[in-house]
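*Asks:* 1 is the number of the first residue of the sequence shown in full-length UniProt numbering; add one for each residue after it.
Every residue gets a Cβ at the ideal spot worked out from N, C-alpha and C, and that includes glycine.
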Amino acid sequence: MCRWKKLTTTKSKLILKCLRAKQQLRQLKALMQLVTRQLS
Numbered sequence: 001m002c003r004w005k006k007l008t009t010t011k012s013k014l015i016l017k018c019l020r021a022k023q024q025l026r027q028l029k030a031l032m033q034l035v036t037r038q039l040s
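1. Using DSSP with H/G/I as helix, E/B as strand and the rest coil, what is Ser40?
2. Just to confirm my understanding: we take residue 43, look at its own chain, exclude 5 residues before and 5 after, and list those with CB closer than 8 Å. What are they?
3. Beta-carbon within less than 6 Å of Leu34's beta-carbon, same chain only, minus the 5 sequence neighbours each way: which residues are those?
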């Protein structure tokens, strides 16, 4: 039981990390678009 709970928590943590990384990537892309617009 305890083992299973631990597994699920690590899994959810990984999912959260993945989501955060995706968000950061999106923000980075938006930033890059802004920069390229200003440069051109």
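*Replies:* Quick answer:
1. If DSSP states are grouped into helix, strand and coil, Ser40 belongs with coil.
2. Absent from the model: residue 43. The displayed extent of the chain is 1 to 40, so no value can be given.
3. Setting aside the 5 residues that flank it on each side, Leu34 has no residue in the same chain whose C-beta is closer than 6 Å to its C-beta.
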